[in-house]
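Heads up: the structure comes next, in structure tokens.
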Amino acid sequence: MEKRPPIGTSTAYCLLCTGFLKMLLRGDLMKLSSSEKFPLKFCCHRWLANVPGAERAIEIWTDICKYVSKVDYGDLLKVTCQSCCIIAQAAKDKLITVKLNFFLSVAKMLQPFSVLCQSYKPLVPFLAGDLFTLVKNMLEHFQVLKHDKCKSIDSISSLCSFYFADVANFNCADKVSIGFIGDELLKKKRAKKEASDKDVLDLKRDCQRFILRMLQTLMGKVSHFILYC
């Protein structure tokens, strides 16, 4: 099998969810579970699909792992398409449920803003305020920036001029939150020796980069516009 990069990079969250759609062997999956729930259709650039897609992924993840295990033991047909390879690799990741819950936490925070942006109503005058609230809520919730740097973003103009990709602004990895459920899962895995301190810090750094890169990309697309709203 072609060697692929480990799940844990920022783009892997989207690739993982995309993979759920393409696992088409529903008959085999049904044999392993009494549930008739399957992966939902998912498109990584349609943000409104993120929440239901991630929720379903978490809900059926145990069955997915059973499926992968059966394939590994030769009890079920092996599929070698890219999506199924991503799924097989993720099933061996001891922190995958933490990562999925982090993805879901981010998606839920973005959901109200994403829904609002789908409207045909004239919402441009409110864009700057809504975006400012969204960004500040995400920064305070995930604690990805140093406290003084986060506090310095106190207006639309300071938000538009802030450079999220500057490593000097990053908070210490051990202070980063990955959402309430994600943090609790990490504590349990660490207590059970299922994750080392290095594993935890590496994951938090990756989640931190994910958040800040997303915000930098978002602001790069709209900052020149919202200043004049």
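Counting in the numbering used here, the sequence shown runs from 18 upward without gaps. By construction, the Cβ of each residue, glycine as well, lies at the ideal position given by its N, Cα and C atoms.
Residue i: first and last residue of the uninterrupted alpha helix (DSSP H) it sits in
i	result
L156	V141 to F159
A74	N67 to E76
N118	I113 to C134
K204	F197 to A208
C167	H164 to S169
A105	Q99 to A108
Whether residue i touches residue j by CB criterion (8 Å)
i	j	result
D191	L218	yes
F181	L232	yes
N118	L202	yes
S131	L65	yes
I81	I103	no
Y84	L94	no
Cβ of residue i within 8 Å of any chain D Cβ
i	result
V123	The question asks about chain D, but that chain is absent: this structure has only one protein chain.
Assumed close pair residue i, residue j - CB separation to whole angstroms, cut-off 8 Å
i	j	result
K54	E76	6 Å
M236	C167	No, M236 and C167 are not in contact; Cβ-Cβ is about 15 Å, not under 8 Å.
Local conformation of residue i per DSSP, three classes
i	result
R21	Residue placement at R21 cannot be trusted, given a pLDDT of 42 that sits under 50; the coordinates are not used to answer.
L57	coil
F181	coil
L41	For L41, the predicted structure reports a pLDDT of 46, less than 50, and the residue's modelled location is therefore unreliable. A value from the coordinates is still provided. Of the three classes helix, strand and coil, the one that applies to L41 here is coil, per DSSP.
Cβ-heavy atom distance, residue i to the ligand PLP, below 7 Å
i	result
V88	By its list of ligands, the structure shown contains no ligand whatsoever, and the ligand PLP lies outside what it can speak to.
So does the segment 86–105 actually touch the segment 196–208, counting three or more Cβ pairs closer than 8 Å? They do not touch, by the three-pair rule.
Can you find at least 3 beta carbon pairs, one from the segment 103–114 and one from the segment 205–212, that sit closer than 8 Å? Segment contact: the segment 103–114 against the segment 205–212, three or more CB-CB distances shorter than 8 Å; contact assigned.
Validate contact between the segment 168–178 and the segment 139–153 using beta carbons, cut 8 Å, 3 pairs: Cβ pair count under 8 Å is three or more, so yes.
When the Cβ atoms of the segment 151–165 are set against those of the segment 121–140, are three or more pairs found closer than 8 Å? Judged by Cβ distances under 8 Å, the segment 151–165 makes contact with the segment 121–140, as three or more pairs qualify.
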